[in-house]
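Chemist:
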Ligand code: DQA
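Residue numbers (our numbering): 13 to 153.
Following this line, the structure appears as structure tokens:
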């Protein structure tokens, strides 16, 4: 069965209780359950991972990229600070869709720049947890 890896960065483990007026009340486990079911219905195994540590994300991007497994990546705040993550995407030739729950361009100016975007195949943001579904749909088509 084909796989898609959904990689989540810092603080996304807190979804559901983290600033719900900004990020909603759904948990990461809720999103995982929905995407896993959607993938299964289309013959794709969706593997969800979350870490608060940049190095874990580098390892997971390299692992997926080298195995030819596409990635959906919400790097959280590392989006705006990390050079190692886009280097890992490029270095492992990972096909990566960058996602965000919120429209980062409508938020604080320090969220307007993403280091990931230039290394990503596409970017989907601002649709709440639906951003993940749209990214999966993009990969599956
Ligand atoms: C986020 C946006 C980032 O700026 C923020 O640091 C996050 C979540 C989003 O999904 O909207 O942790 O990636």
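Beta carbons: idealized from backbone N, C-alpha and C, even for Gly.
Only counting the same chain, and skipping five residues up and downstream in sequence, which positions put a Cβ closer than 6 Å to that of residue 155?
Modeler: Any property of residue 155 remains undetermined from this structure, which presents the chain solely from 13 to 153.
Chemist: Mind pulling the beta strand (DSSP E) runs of 3 or more residues that sit fully within the stretch 58–97?
Modeler: With a minimum length of 3 residues, the continuous beta strand (DSSP E) runs that stay inside the stretch 58–97 are 83–86.
Chemist: So with Cβ pairs under 8 Å, would you call residue 90 a contact of chain D?
Modeler: Going by chain labels, chain D is absent from the structure shown, which holds only one protein chain.
Chemist: Kindly provide the ranges of any beta strand (DSSP E) runs that are 3 or more residues long and lie completely inside the stretch 90–149, ordered along the chain.
Modeler: As far as the stretch 90–149 is concerned, its whole beta strand (DSSP E) runs of at least 3 residues are 108–112 and 134–137.
Chemist: Taking DSSP as the reference, what is the three-state secondary structure of residue 20?
Modeler: Residue state, collapsed to three classes: strand.
Chemist: Identify every residue that forms a DSSP beta bridge with residue 54.
Modeler: In the DSSP output, where bridge partners are listed per residue, residue 54 has none listed.
Chemist: Please determine whether the Cβ atom of residue 113 lies at a distance below 7 Å from any heavy atom of the ligand DQA.
Modeler: Yes; taking the cut-off as 7 Å, the Cβ of residue 113 has a heavy atom of the ligand DQA nearer than that.
Chemist: Check whether the stretch 67–83 touches the stretch 43–53, taking contact to mean three or more Cβ pairs, one atom from each stretch, closer than 8 Å.
Modeler: Counting Cβ pairs under 8 Å, fewer than three are found: no touch.
Chemist: Return the CA-CA distance between residue 93 and residue 129, expressed in angstroms with no decimal places.
Modeler: Straight-line Cα distance between these residues: approximately 12 Å.
Chemist: When you compare each of 52, 64, 113 and 91 to residue 132 by their alpha carbons, which one comes out closest?
Modeler: The shortest Cα separation from residue 132 among 52, 64, 113 and 91 belongs to 91.
Chemist: Could you check how far apart the C-beta atoms of residue 85 and residue 111 are, in whole angstroms? I think they sit under 8 Å.
Modeler: Sure, about 7 Å apart at Cβ, within 8 Å.
Chemist: Residue 24 and residue 54 look like a contact to me (Cβ under 8 Å); what is the Cβ gap, rounded to whole Å?
Modeler: Going by Cβ atoms, the distance from residue 24 to residue 54 rounds to 24 Å, so no, they are not a contact pair.
Chemist: Below 8 Å on the Cβ atoms is my contact criterion, and I expect residue 80 with residue 22 to pass it. Report the Cβ-Cβ distance as a whole number of Å.
Modeler: Their Cβ separation, rounded to whole angstroms, is 27 Å, which puts residue 80 and residue 22 out of contact at 8 Å.
Chemist: Can you give me the C-alpha to C-alpha distance between residue 114 and residue 120, rounded to a whole angstrom?
Modeler: C-alpha separation (whole angstroms): 11 Å.
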